[in-house]
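Asks:
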Amino acid sequence: MNAAANRLPVNLDDADIEAVGRELDAIQHEIKSSLGEADRRYIWRLIKLQRSLALVSRLIIFASLGFLPRWGHVLSGWLPFAIVMAIGTFGLGLAKILENMEIGHNVIHGQWDWMHDPEVHSSTWEWDNVCPADQWKHSHNVVHHTWTNVLGKDRDVGYEIMRVTPEQPWHPVFLLQPIFNLLLALLFEWGVALHDLDIHAMRRRRGLVDEDRRILAGIGKKAARQVMKDYVLWPLLAGPFFLYVLGANVVANLMRNLWAYMIIFCGHFPEGVHVFHEAQIENETRGRWYVRQLLGSCNIEGGKVFHVLSGNLSHQIEHHLFPDMPSHRYPQVAPRVRALCARYGIPYNTGSLTRQFGTTTAKILRLSFPGNHDRAESDYRAAGVHH
Amino acid sequence: MLQRISDVVGLMATPLRPSHYLELVQPLWSTHRLQARVESVWDETSDTRTLTLRPGHGFRRHRAGQHVRVGVSVGGRQMTRTYSISSSPDRSDGRFTITVKHAGRVSGFLARDVRPGHLLSIGLPQGDFHLPDAAPVRPLFITAGSGITPVMSMLRTFVLRWHMPDTSHVHYAPHAHDVIFGRELEGIAAKLPNYRFHPMFTRDGHGPRHFSEAQLEELCPDWRERDVWACGPQSLLDDVTACFERAGRARYLHIERFTAPLARLPANLTGGTVLFRRSGVEVRADGKKALLRVAEDASIAAPHGCRMGVCHTCDATMVSGCVRDLRTGLEVNEPGSRIQLCVCAAAGNVEIEL
Numbered sequence: 001m002n003a004a005a006n007r008l009p010v011n012l013d014d015a016d017i018e019a020v021g022r023e024l025d026a027i028q029h030e031i032k033s034s035l036g037e038a039d040r041r042y043i044w045r046l047i048k049l050q051r052s053l054a055l056v057s058r059l060i061i062f063a064s065l066g067f068l069p070r071w072g073h074v075l076s077g078w079l080p081f082a083i084v085m086a087i088g089t090f091g092l093g094l095a096k097i098l099e100n101m102e103i104g105h106n107v108i109h110g111q112w113d114w115m116h117d118p119e120v121h122s123s124t125w126e127w128d129n130v131c132p133a134d135q136w137k138h139s140h141n142v143v144h145h146t147w148t149n150v151l152g153k154d155r156d157v158g159y160e161i162m163r164v165t166p167e168q169p170w171h172p173v174f175l176l177q178p179i180f181n182l183l184l185a186l187l188f189e190w191g192v193a194l195h196d197l198d199i200h201a202m203r204r205r206r207g208l209v210d211e212d213r214r215i216l217a218g219i220g221k222k223a224a225r226q227v228m229k230d231y232v233l234w235p236l237l238a239g240p241f242f243l244y245v246l247g248a249n250v251v252a253n254l255m256r257n258l259w260a261y262m263i264i265f266c267g268h269f270p271e272g273v274h275v276f277h278e279a280q281i282e283n284e285t286r287g288r289w290y291v292r293q294l295l296g297s298c299n300i301e302g303g304k305v306f307h308v309l310s311g312n313l314s315h316q317i318e319h320h321l322f323p324d325m326p327s328h329r330y331p332q333v334a335p336r337v338r339a340l341c342a343r344y345g346i347p348y349n350t351g352s353l354t355r356q357f358g359t360t361t362a363k364i365l366r367l368s369f370p371g372n373h374d375r376a377e378s379d380y381r382a383a384g385v386h387h
Numbered sequence: 001m002l003q004r005i006s007d008v009v010g011l012m013a014t015p016l017r018p019s020h021y022l023e024l025v026q027p028l029w030s031t032h033r034l035q036a037r038v039e040s041v042w043d044e045t046s047d048t049r050t051l052t053l054r055p056g057h058g059f060r061r062h063r064a065g066q067h068v069r070v071g072v073s074v075g076g077r078q079m080t081r082t083y084s085i086s087s088s089p090d091r092s093d094g095r096f097t098i099t100v101k102h103a104g105r106v107s108g109f110l111a112r113d114v115r116p117g118h119l120l121s122i123g124l125p126q127g128d129f130h131l132p133d134a135a136p137v138r139p140l141f142i143t144a145g146s147g148i149t150p151v152m153s154m155l156r157t158f159v160l161r162w163h164m165p166d167t168s169h170v171h172y173a174p175h176a177h178d179v180i181f182g183r184e185l186e187g188i189a190a191k192l193p194n195y196r197f198h199p200m201f202t203r204d205g206h207g208p209r210h211f212s213e214a215q216l217e218e219l220c221p222d223w224r225e226r227d228v229w230a231c232g233p234q235s236l237l238d239d240v241t242a243c244f245e246r247a248g249r250a251r252y253l254h255i256e257r258f259t260a261p262l263a264r265l266p267a268n269l270t271g272g273t274v275l276f277r278r279s280g281v282e283v284r285a286d287g288k289k290a291l292l293r294v295a296e297d298a299s300i301a302a303p304h305g306c307r308m309g310v311c312h313t314c315d316a317t318m319v320s321g322c323v324r325d326l327r328t329g330l331e332v333n334e335p336g337s338r339i340q341l342c343v344c345a346a347a348g349n350v351e352i353e354l
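Here the protein sequences come in this chain order: A and B.
Everything in the first sequence is counted per UniProt numbering, starting at 1 for the first residue and increasing by one.
Everything in the second sequence is counted per UniProt numbering, starting at 1 for the first residue and increasing by one.
1) Which parts of the stretch 261-339 of chain A are runs of the alpha helix (DSSP H), unbroken and 4 residues or longer, counting only runs that do not cross its ends?
2) Run the CB neighbour count on residue 365 of chain B, radius 10 Å, all protein chains shown included, and call it buried at 16 or more, exposed below.
3) Can you round the beta-carbon distance between A:Lys96 and A:Asp128 to whole angstroms, since I take them to be within the 8 Å contact cut?
4) Using a Cβ-Cβ cut-off of 8 Å, state whether B:Met12 counts as contacting chain A.
5) Indicate whether at least one CB of chain A lies closer than 8 Å to the CB of B:Pro15.
6) At 7 Å on the CB atoms, spell out the chain A contacts of B:Leu2, in chain order.
7) Based on the DSSP secondary-structure assignment, which residues constitute the bridge partners of A:Met228?
8) Taking 8 Å as the threshold (beta carbon to beta carbon), is B:His254 in contact with chain A?
9) I want to know whether the stretch 69-85 of chain A touches the stretch 7-15 of chain A - three or more CB-CB distances under 8 Å.
10) Name the chain A residues whose beta carbon is nearer than 8 Å to that of B:Asp315?
11) Whole angstroms is fine: what's the gap from B:Pro165's alpha carbon to B:Gly205's?
12) Would you mind listing the beta strand (DSSP E) stretches within the stretch 133-211 of chain A that are 3+ residues and don't spill past its ends, in chain order?
13) Starting from the N-terminal side, write out each stretch of the beta strand (DSSP E) that is 3 residues or longer and does not extend beyond the stretch 100-151 of chain B.
14) Could you tell me which chain A residues have their CB closer than 8 Å to the CB of B:Val8, listed as they occur along the chain?
15) For B:Arg95, which residues from the same chain have a beta carbon less than 6 Å from its beta carbon, with the 5 sequence-adjacent residues on both sides left out?
16) Is the Cβ-Cβ distance between A:Asp212 and A:Met202 less than 8 Å?
17) Could you check whether the Cβ of B:Cys344 sits closer than 8 Å to any Cβ belonging to chain A?
18) Distance check for A:Arg204 and B:Glu351, CA to CA, integer angstroms please.
19) Could you tell me whether any Cβ in chain A is nearer than 8 Å to the Cβ of B:Gly76?
20) Could you list which residues in chain A have their beta carbon closer than 9 Å to that of B:Leu24, in chain order?
21) Please list the partners that A:Gly36 has in chain B, where partner means a Cβ-to-Cβ separation under 9 Å.
22) Under 8 Å Cβ-Cβ, which residues of chain B neighbour A:Asn141?
23) Below 9 Å between beta carbons is the criterion; list the residues of the stretch 22-35 of chain A that meet it against any residue of chain B, in chain order.
24) Taking 8 Å as the threshold (beta carbon to beta carbon), is A:Arg292 in contact with chain B?
25) So, with DSSP's three-state summary, where would you put B:Asp227?
26) For the candidate residues B:Ala135, B:Ala64, B:Trp29, whose alpha-carbon lies nearest to that of B:Met152?
27) Could you tell me which chain B residues have their CB closer than 9 Å to the CB of A:Gln226, listed as they occur along the chain?
28) At a Cβ threshold of 8 Å, is A:Pro331 touching chain B?
29) Going by alpha carbons, who is nearest to A:Leu8 out of A:Glu102, A:Pro347, A:Glu271, A:Pro370?
30) Output, in chain order, the set of chain B residues within a Cβ distance shorter than 8 Å of A:Trp127.
31) What residue range is occupied by the uninterrupted beta strand (DSSP E) comprising B:Cys243?
32) Could you compute how far the alpha carbon of B:Thr82 sits from the alpha carbon of B:Trp162?
33) Hey, could you find the ends of the alpha helix (DSSP H) A:Arg58 is sitting in?
34) Report yes or no: do three or more beta-carbon pairs, one from the stretch 145-160 of chain B and one from the stretch 180-191 of chain B, lie closer than 8 Å?
35) Leaving aside the five residues before and after A:Thr165 along the sequence, list all residues of the same chain whose C-beta is less than 6 Å from its C-beta, in chain order.
36) Check whether chain B comes within 8 Å of A:Lys221, counting only Cβ atoms and requiring the distance to be less than that.
Following this line, the structure appears as structure tokens:
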């Protein structure tokens with residue numbers, strides 16, 4: 001059975017696959033040896049911009065209170081209040097997006113470890129998010145990046161609560177999937193925080209083991225600080241206007257959650273992406289690992305600002321090939337990866353945000369109902385593989 | 001109460017600290033990292049430069065002769081070296097100076113590329129090579145090249161305190177124009193007869209003028225009655241140490257060594273001895289086997305994840321030595337570097353914090 005079960009959905013023999021691996025290794029080496037002062041300046045400027053934006057936005061939220069109608073001055077009124085409040089809230093949401101995506105995600109990946117800067121290092125960075133960085137390093141860097149799109153291994157496939165590929169067996173609970181999906185989008189940071197818990201194992205054991213308690217304690221400690229900051233202390237500073245500031249902070253966090261959810265779901269779930277069975281990764285070589293990352297990831301097209309705001313996860317394919325390459329170099333390597341794929345006939349899944357998010361959402365809705373195995377077959381045929 | 005307030009304010013900045021925001025306004029106010037601003041640069045000799053630094057909040061006054069850690073970014077990489085402070089702690093404006101000779105990447109950068117306004121990360125003053133609390137009665141200084149810097153701090157302190165003890169100073173430099181602080185030293189010697197300055201030029205064509213016991217006898221006949229501070233290259237310090245040991249005066253000798261902080265890169269990659277410091281295990285390793293495997297074969301429970309250099313779970317600190325990244329062939333030989341055990345192999349002897 002091995003030879004057939006072991007195949008990847010591409011028309012390449014082992015020698016071709018290893019050649020692809022060597023070419024990708026060469027690209028990686030070339031970029032890594034060209035890192036220098038300009039790259040350092042990029043990340044530090046972004047960090048300073050992000051911190052300034054966060055601070056200024058919080059101050060604008062407070063400034064908006066001065067426009068409340070009750071003060072009765074020339075500029076006061078609900079409209080000026082709402083405008084200033086919206087600017088502050090949007091700025092804070094934007095700051096949180098930058099912090100989590102282009103800065104936090106990438107620093108914790110070790111993309112900036114080459115600088116030997118103790119402040120911007122995967123071992124010291126903690127992000128503005130309820131998920132503790134050390135746990136995320138395990139659930140994301142280890143589990144997801146090693147077992148990308150392998151059913152039963154990669155917990156990002158459906159985040160253990162959703163059916164995102166027809167290969168996952170259907171269960172009546174998935175009829176509620178549209179609701180799970182919406183909740184996950186709104187509460188995304190909490191979903192990410194709980195991600196390191198092995199929910200399946202817990203269900204099987206019907207209880208917690210020490211390891212689970214350790215993880216929960218870590219989340220509790222981190223989440224308590226985050227909740228205190230955004231939902232208690234900053235609002236308290238506004239005294240009688242507590243609820244206004246609380247509302248602004250809730251909206252900023254929701255904005256970040258929805259954005260992160262959207263970008264991340266577009267990375268692995270759009271139409272045409274591949275999932276793998278454990279048999280396919282037996283004795284996987286570096287070349288085969290690369291090809292699996294290529295087939296299991298999807299890009300989103302967009303402008304420069306869009307790429308920065310998405311943490312360059314719009315270059316999810318390049319990110320999965322080179323997880324610890326500084327993200328702002330992905331746009332530079334993407335055309336080369338794409339050309340390489342074209343040369344070897346490997347699908348390169350890229351599309352507009354509407355296409356990627358649209359097909360992802362349609363798929364999630366469709367898969368809440370049973371069936372759709374034919375669809376999986378057609379994916380394979382589209383890749384030119386015949387069983 | 002104040003502590004409570006600062007805890008609450010700290011929580012408002014979580015996961016950062018208020019200092020991270022303060023730093024945006026004025027880098028020298030930050031409390032989470034110590035920085036210094038370069039205020040002026042001054043060329044001492046053709047290849048030596050003095051930087052005047054204004055340290056940030058939290059710096060403490062040094063003792064004359066101590067050194068300080070200075071970090072700079074060269075080619076995007078943060079690098080750290082230590083430099084003796086050349087100014088006196090009695091200087092009243094809160095600034096201090098370091099004097100750097102153009103050699104190597106970090107010193108080369110400091111001696112050539114740094115401009116006023118640059119921020120450098122610094123540490124607190126450290127080191128045992130300093131003047132005792134009670135000024136020495138009859139000091140003898142033996143210095144060579146940039147080894148003059150900590151002694152300069154001591155001499156400037158004597159001058160500022162209006163008290164120059166009975167001092168003898170032998171200094172070695174290749175030529176007269178290479179003497180760092182040459183003018184100032186001559187000036188002090190001219191004004192204060194208690195200070196006797198003996199510059200020795202080793203390459204000006206008058207035969208060998210390197211340190212020897214006979215030479216010391218001639219320049220400073222009462223050297224056996226003095227407290228001695230010596231600073232300079234390894235070879236000079238070896239000769240001075242031997243001389244004072246023979247005379248039974250070793251305990252009156254204070255020396256400062258500047259050893260190169262980098263391991264030598266091996267010409268052929270044959271591996272070496274790997275010492276896992278916390279586990280206290282020492283094993284031989286070849287230049288091909290990943291250090292994670294080396295650790296596991298030695299029954300050390302090392303944290304690991306992807307085993308392919310992706311997840312950074314197995315990163316560890318290299319205390320000293322040299323390793324090679326198996327993916328790129330690049331060598332890492334800077335002590336204190338974080339290395340990825342699963343993709344690095346020993347390149348010579350190496351010591352790892354594990």
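Where a beta carbon is used, it is the ideal one built from N, C-alpha and C, also for glycine.
Given the structure is predicted, the values throughout are model-derived calculations rather than measurements.
Replies: Looking at the coordinates:
1) 286-296, 304-309, 316-321
2) Chain B is shown only over 1 to 354; residue 365 of chain B falls outside these bounds and no answer can be derived.
3) Here residue 96 of chain A refers to the residue found at position 96 of the first sequence. Here residue 128 of chain A refers to the residue found at position 128 of the first sequence. Yes, they are in contact, since the Cβ atoms of A:Lys96 and A:Asp128 sit about 6 Å apart, within 8 Å.
4) Position 12 of the second sequence, counted from the start, is the residue given in the question as residue 12 of chain B. Chain A, which has a Cβ nearer than 8 Å to the Cβ of B:Met12, makes this yes.
5) Looking up residue 15 of chain B in the second sequence gives position 15. It does: the Cβ of B:Pro15 has a partner Cβ on chain A nearer than 8 Å.
6) For the purposes of this step, residue 2 of chain B is taken as residue 2 along the second sequence, with counting starting at 1. The premise fails here: B:Leu2 is roughly 17 Å from chain A at the closest Cβ pair, so nothing lies under 7 Å.
7) Here residue 228 of chain A refers to the residue found at position 228 of the first sequence. Paired residue(s): none; A:Met228 is not in a bridge.
8) Indexing the second sequence from 1 puts residue 254 of chain B at position 254. For B:His254, the answer is no, since every Cβ of chain A falls outside 8 Å of its Cβ.
9) no
10) Sequence index remark: in the second sequence, residue 315 of chain B carries index 315 (1-based). Ordered by position in chain A, the residues that pass the 8 Å Cβ test against B:Asp315 are Gly110, Asp113, Ser122, Ser123.
11) Start at 1 with the first residue of the second sequence, and residue 165 of chain B comes out as number 165. Start at 1 with the first residue of the second sequence, and residue 205 of chain B comes out as number 205. Those two C-alpha atoms are separated by around 33 Å.
12) none
13) 119-122, 139-144
14) Along the second sequence, one-based indexing puts residue 8 of chain B at 8. The contacting residues are Leu233.
15) Counting from one through the second sequence, the residue named residue 95 of chain B turns up at place 95. Closer than 6 Å at Cβ, skipping near neighbours: Thr52, Arg54.
16) Within the first sequence, numbered from 1, the residue matching residue 212 of chain A stands at position 212. Within the first sequence, numbered from 1, the residue matching residue 202 of chain A stands at position 202. Taking 8 Å as the Cβ cut-off, A:Asp212 and A:Met202 qualify as a contacting pair.
17) Numbered from its first residue, the second sequence carries residue 344 of chain B at position 344. Not closer than 8 Å to any Cβ of chain A, the Cβ of B:Cys344 fails to qualify, so no.
18) Translated into positions along the second sequence, residue 351 of chain B becomes position 351. Translated into positions along the first sequence, residue 204 of chain A becomes position 204. The alpha-carbon atoms of B:Glu351 and A:Arg204 are separated by roughly 44 Å.
19) The residue you call residue 76 of chain B lines up with position 76 of the second sequence. Yes, because at least one Cβ of chain A sits closer than 8 Å to the Cβ of B:Gly76.
20) Position 24 of the second sequence holds residue 24 of chain B. Per Cβ cutoff of 9 Å: Lys48, Arg51, Ser52, Leu55.
21) Against the first sequence, residue 36 of chain A aligns to sequence position 36. The answer, in chain order, is Gly75, Gly76, Arg77.
22) Along the first sequence, one-based indexing puts residue 141 of chain A at 141. Those within 8 Å of A:Asn141 in chain B are Gly305, Cys306, Val310, Cys311, His312, Thr313.
23) Asp25, Gln28, His29, Lys32, Ser33, Leu35
24) For the purposes of this step, residue 292 of chain A is taken as the residue at position 292 of the first sequence. No - not a single Cβ of chain B is within 8 Å of the one on A:Arg292.
25) Locating residue 227 of chain B in the second sequence gives position 227, where the first residue counts as 1. Looking at B:Asp227 - three-state DSSP - the assignment turns out to be strand.
26) By one-based count along the second sequence, residue 152 of chain B stands at place 152. Measuring from the Cα of B:Met152, the nearest candidate turns out to be B:Ala64.
27) On the first sequence, residue 226 of chain A is found 226 positions in, with the first residue counted as 1. In chain order: Thr14, Pro15.
28) Indexing the first sequence from 1 puts residue 331 of chain A at position 331. No, its Cβ sits nowhere closer than 8 Å to a Cβ of chain B.
29) For the purposes of this step, residue 8 of chain A is identified with residue 8 of the first sequence, where counting begins at 1. Here the closest residue by C-alpha is A:Pro347.
30) Position 127 of the first sequence, counting from 1, holds the residue named residue 127 of chain A. Within 8 Å Cβ-Cβ: Pro15.
31) The residue you call residue 243 of chain B lines up with position 243 of the second sequence. No beta strand (DSSP E) contains B:Cys243, which is instead part of the alpha helix (DSSP H) from 234-246.
32) Locating residue 82 of chain B in the second sequence gives position 82, counting from the first residue. Locating residue 162 of chain B in the second sequence gives position 162, counting from the first residue. Each residue's alpha carbon lies about 30 Å from the other.
33) The residue you call residue 58 of chain A lines up with position 58 of the first sequence. It spans 37-64 - the alpha helix (DSSP H) in which A:Arg58 sits, taken as one unbroken run.
34) yes
35) Sequence index remark: in the first sequence, residue 165 of chain A carries index 165 (1-based). Excluding residues within five positions, the ones whose Cβ falls inside 6 Å are Val275.
36) Working through the first sequence from its first residue, we reach residue 221 of chain A at position 221. Not one chain B Cβ lies under 8 Å of A:Lys221.
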